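Enquirer: So that we are looking at the same thing, I have put the structure below in structure tokens.
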Amino acid sequence: MDTPSWVRSVPHNFGLAAAGSLKADEWRTMTTIYLPIALISMWGEGTIHPSSEDASHLRAVLDHTMLLVCAVMLACMRTMTDDRMKHYLKYITLWTSQLRNLHPHIEHRVNQHMAIHIFEFLKLFGPVKSWWCFPFERLIGQLQRLPHNHKFGTCSLSLCIYKCTF
Amino acid sequence: MVNTFAKAAKLKNWLARPDCPEPIRECKAIFDNAFPSTKTVDTDPDDIAASAFVSTPRELKHLLSDRKVALRARHKVDNVVYSRSSTHTGNSLIMFYPEGQWSADPVPGSIEYVIHRQDGSIIYAVRQQLPAPLGIVDPFKHYPDFPARVYSTSLSLNLILVLPSWVLCHYGRWHLDDKRAVVLTLSRVRPRLATIS
Chain D
0 MDTPSWVRSV PHNFGLAAAG SLKADEWRTM TTIYLPIALI SMWGEGTIHP
50 SSEDASHLRA VLDHTMLLVC AVMLACMRTM TDDRMKHYLK YITLWTSQLR
100 NLHPHIEHRV NQHMAIHIFE FLKLFGPVKS WWCFPFERLI GQLQRLPHNH
150 KFGTCSLSLC IYKCTF
Chain F
0 MVNTFAKAAK LKNWLARPDC PEPIRECKAI FDNAFPSTKT VDTDPDDIAA
50 SAFVSTPREL KHLLSDRKVA LRARHKVDNV VYSRSSTHTG NSLIMFYPEG
100 QWSADPVPGS IEYVIHRQDG SIIYAVRQQL PAPLGIVDPF KHYPDFPARV
150 YSTSLSLNLI LVLPSWVLCH YGRWHLDDKR AVVLTLSRVR PRLATIS
């Protein structure tokens with residue numbers, strides 16, 4: 000797939016144990032770009048399947064997954080409107096309510112409940128970019144990569160210099 | 000560690016403020032010399048040597064009246080890099096408003112040339128992604144909030160000129176088969192596309 004250089008790559012062996020677990024930003028790229036295009040091209044309108052039952056089941060799973068994809072797409076917008084918030088709430092509640100119809104073995108989790116509350120946060124605080132945790136994750140990453148000698152409290156000057164030159 | 004990090008961030012912020020006292024600014028100059036920044040500094044992209052200007056390529060002559068132009072590999076706008084397709088295919092894929100008409104729907108195209116004119120302005124020569132052939136099924140039209148649509152895999156033979164200000168965003172492209180390519184608009188501002196009937 001041709002993508003601009005600012006789109007981060009994702010593991011080419013996604014799904015295998017060797018790929019490891021994805022980070023939050025990789026999940027976002029996977030969910031908003033690669034996964035929907037792959038699923039729609041395999042299971043969407045015009046695709047061929049061994050039986051009509053398979054076709055209708057896969058289409059139902061696809062439509063259900065696309066509810067979540069569209070919810071994520073809208074939630075990650077840099078500008079937020081009433082219309083987008085309402086559509087986000089519609090998608091995420093439909094996805095949550097239909098989850099066990101299509102996947103009866105999956106238990107509901109707290110995250111799904113929290114995802115519904117994002118609607119209120121969008122109303123209160125605006126686009127997620129201004130309050131999501133990626134800046135803190137980046138800061139943690141910077142601190143973790145910082146070379147130190149495990150003697151805390153004695154490296155203030157070098158840390159100061161590092162921060163001011165970074 | 001976090002406390003020191005926060006203190007250093009405050010110091011850095013204070014040094015960058017216009018009301019920072021002059022003696023402290025002088026100290027900053029010494030500090031910068033002693034501990035140079037690790038960030039790379041971009042060279043001025045508008046600094047084009049006179050020798051870079053060459054005769055306008057034949058396929059641009061009917062579009063541009065300029066006798067000489069400089070052809071560049073890339074152009075940076077608000078920290079987003081747009082390239083010609085021979086340099087980086089992904090960075091050359093742009094959604095743009097034809098003729099700068101903001102009320103129209105943006106269309107996809109691939110930058111063939113990034114042209115630096117002698118008056119200092121930049122303009123792109125773009126090949127448009129052709130619409131999907133009639134009768135082709137678009138499985139993406141059912142999801143209006145997922146901004147992907149099916150187009151032809153071919154690009155137009157004709158070039159059109161596009162100003163950088165007419166560009167909305169990049170797009171991602173994947174060839175479904177020999178005839179169909181998926182075009183995914185990567186704008187984080189305007190996602191909803193009209194449903195194609």
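Read top to bottom, the protein sequences are chains D and F.
Numbering (numbering that gives the first Met the number 0) for the first sequence: 0 to 165.
Numbering (numbering that gives the first Met the number 0) for the second sequence: 0 to 196.
In this text, a Cβ means the ideal position worked out from N, Cα and C, and glycines have one as well.
The model shown is predicted, which means the values in this text are computed figures rather than measured ones.
(1) Give the DSSP-derived three-state secondary structure of G89(F) in the structure shown.
(2) For a minimum of 4 consecutive residues, which ranges assigned as the alpha helix (DSSP H) are wholly contained in the segment 43 to 85 of chain D?
(3) Taking only the alpha-carbon atoms, compute the straight-line gap between R27(D) and T86(F) and give it to the nearest angstrom.
(4) Considering only DSSP beta bridges, list what A131(F) is partnered with.
(5) Taking V125(F) and I159(F) to be in contact with their CB atoms under 8 angstroms, please state how far apart those CB atoms are, rounded to whole angstroms.
(6) Who pairs with H174(F) in a beta bridge, going by DSSP?
(7) Residues of chain D with CB under 7 angstroms from A125(F), in chain order?
(8) With respect to the beta strand (DSSP E) encompassing T28(D), which residues constitute its N-terminal and C-terminal limits?
(9) Who pairs with F95(F) in a beta bridge, going by DSSP?
(10) Would you mind reading off the limits of the beta strand (DSSP E) that contains V149(F)?
(11) Just to make sure I have the definition right: I need the residues of chain D whose C-beta is within less than 8 angstroms of the C-beta of T88(F). Which are they?
(12) Under a CB-based cut-off of 8 angstroms, is G14(D) close to chain F?
(13) Does the Cβ-Cβ distance between M72(D) and T31(D) come in under 8 angstroms?
(14) So with Cβ pairs under 8 angstroms, would you call T78(D) a contact of chain F?
(15) Would C132(D) count as contacting chain F if we go by Cβ distances under 8 angstroms?
(16) From R83(F) to N110(D), what does the alpha carbon distance come to, in whole angstroms?
(17) May I have the straight-line CA-CA distance separating L59(F) from P132(F), to the nearest angstrom?
(18) Suppose the cutoff is 7 angstroms on Cβ atoms and the five residues either side in sequence are ignored; what does the same chain contact list for L183(F) look like?
(19) Nearest-angstrom Cα distance between A70(D) and Y90(D)?
(20) According to the Cβ coordinates, are A18(D) and P10(D) closer than 8 angstroms?
(21) If you draw a straight line from the alpha carbon of Y123(F) to that of K75(F), how long is it in whole angstroms?
(22) Look at the Cβ atom of A180(F), then the Cβ atom of S155(F), and state whether they are nearer than 8 angstroms.
(23) Can you tell me where the beta strand (DSSP E) holding L70(F) begins and where it ends?
(24) Compare the C-beta of R73(F) against all C-beta atoms of chain D and say whether one is closer than 8 angstroms.
(25) Reducing DSSP to helix, strand and coil, say where G14(D) ends up.
Expert: With the given structure in hand:
(1) G89(F) falls in the helix class under three-state DSSP.
(2) The qualifying runs are 51 to 74.
(3) For R27(D) and T86(F), the distance between alpha carbons rounds to 27 angstroms.
(4) Residue pairing from DSSP leaves A131(F) without any beta-bridge partner.
(5) Right, their Cβ atoms sit about 6 angstroms apart.
(6) Answer is A180(F), bridged to H174(F).
(7) As written in the sequence, residue 125(F) is Val, which differs from the Ala given in the question. Residues of chain D with a Cβ closer than 7 angstroms to the Cβ of V125(F) do not exist, since the nearest Cβ in that chain sits about 15 angstroms away.
(8) For T28(D), no beta strand (DSSP E) segment is defined; the enclosing uninterrupted segment is the alpha helix (DSSP H) at 23 to 28.
(9) Per DSSP, V106(F), V166(F).
(10) Per DSSP, V149(F) is one residue of the beta strand (DSSP E) stretching across 147 to 161.
(11) In chain order: D1.
(12) With 8 angstroms as the cut-off, G14(D) does not count as an interface residue toward chain F.
(13) A distance below 8 angstroms separates the beta carbons of M72(D) and T31(D).
(14) Taking Cβ atoms only, chain F reaches closer than 8 angstroms to T78(D), which makes this a yes.
(15) Against chain F, the CB of C132(D) has no partner CB under 8 angstroms away; the residue lies outside that interface.
(16) Each residue's Cα considered, the two are about 43 angstroms apart.
(17) If I take the Cα positions, the gap works out to 28 angstroms.
(18) Within the same chain, L183(F) has close Cβ partners P146, A147, Y170, G171.
(19) Using only the alpha carbons, I get a separation of about 6 angstroms.
(20) Going by C-beta atoms, A18(D) is nearer than 8 angstroms to P10(D).
(21) Using only the alpha carbons, I get a separation of about 12 angstroms.
(22) Taking 8 angstroms as the Cβ cut-off, A180(F) and S155(F) do not qualify as a contacting pair.
(23) Segment 67 to 71, the beta strand (DSSP E) holding L70(F).
(24) No - not a single Cβ of chain D is within 8 angstroms of the one on R73(F).
(25) If DSSP states are grouped into helix, strand and coil, G14(D) belongs with coil.
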